[in-house]
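Quick notes on the structure that follows.
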Amino acid sequence: MPSTFSQGNFPLNVESIKHTIDQNPEWQLEEQKPLPQKKVTMELLDHLERLALVDFRNWEGVERLEKAIQFADQLHEVNTEGIEPMDSVLEDRCLYLRGDNITEGNCTKELLQNASQTAEEYFEAPPGNIPLPKLEEHESFLQDSN
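So in UniProt numbering, spot 30 of the sequence shown is number 30, and the numbers just go up one at a time.
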């Protein structure tokens, strides 16, 4: 039985969406032309860690990042000339919005009981921008792990 989603009075059949996506694309990457693998420099690694607040303190994380970059670089090889960008696979349909039906409410006190810290009836989140160690500290850690 095909899955359906209801959007107002407009049921959406998931199976009908699959037909709009090309199952056999006309393009493919040339297998005999492997893309050069880019090495991630310590400066780039430090910059990415500070932007994303992600800590790459082991070679496994660095290798995973290099593989992700190599995978993303493959997208530059795809010929998209003459292909019009899409906003959605459903852009040829009229999508209706449904009205909001409020079933519960006025439960502020119960919701705030879930928080470890509150301030004036708001959830208090821990600080997110805790700086990561400087590049020199990171280099010494990676050298010690070899």
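Using N, Cα and C, we set each Cβ at its ideal position, and we do this for glycine too.
Item	Value
Got a sec? Which residues, its chain only, sit under 6 Å from Asp-92 by beta carbon, not counting five neighbours each side?	none
Report the CB separation of Leu-44 from Phe-56 in whole angstroms; it is logged as a contact under 8 Å.	Actually they are not in contact, since the Cβ atoms of Leu-44 and Phe-56 sit about 10 Å apart, beyond 8 Å.
Just mark Glu-77 as buried or exposed, buried being the case when its beta carbon has 16 or more other beta carbons within 10 Å.	exposed
Looking at the secondary structure, which residues open and close the alpha helix (DSSP H) in which Val-62 lies?	59 to 73
Does the distance from the CB of Glu-66 to the CB of Gln-37 come in under 8 Å?	yes
Pull up the DSSP beta-bridge partners for Thr-118, would you.	Phe-123
I need the straight-line Cα distance from Leu-112 to Gln-23, nearest angstrom please.	48 Å
Does the distance from the CB of Glu-117 to the CB of Glu-124 come in under 8 Å?	The sequence shown places Gln at residue 117, rather than the Glu named in the question. Closer than 8 Å, so yes.
Measure the CB-CB distance between Leu-53 and Gly-99 and report whether it falls below 8 Å.	no
Check this for me: beta carbons of Thr-103 and Glu-121, under 8 Å apart or not?	no
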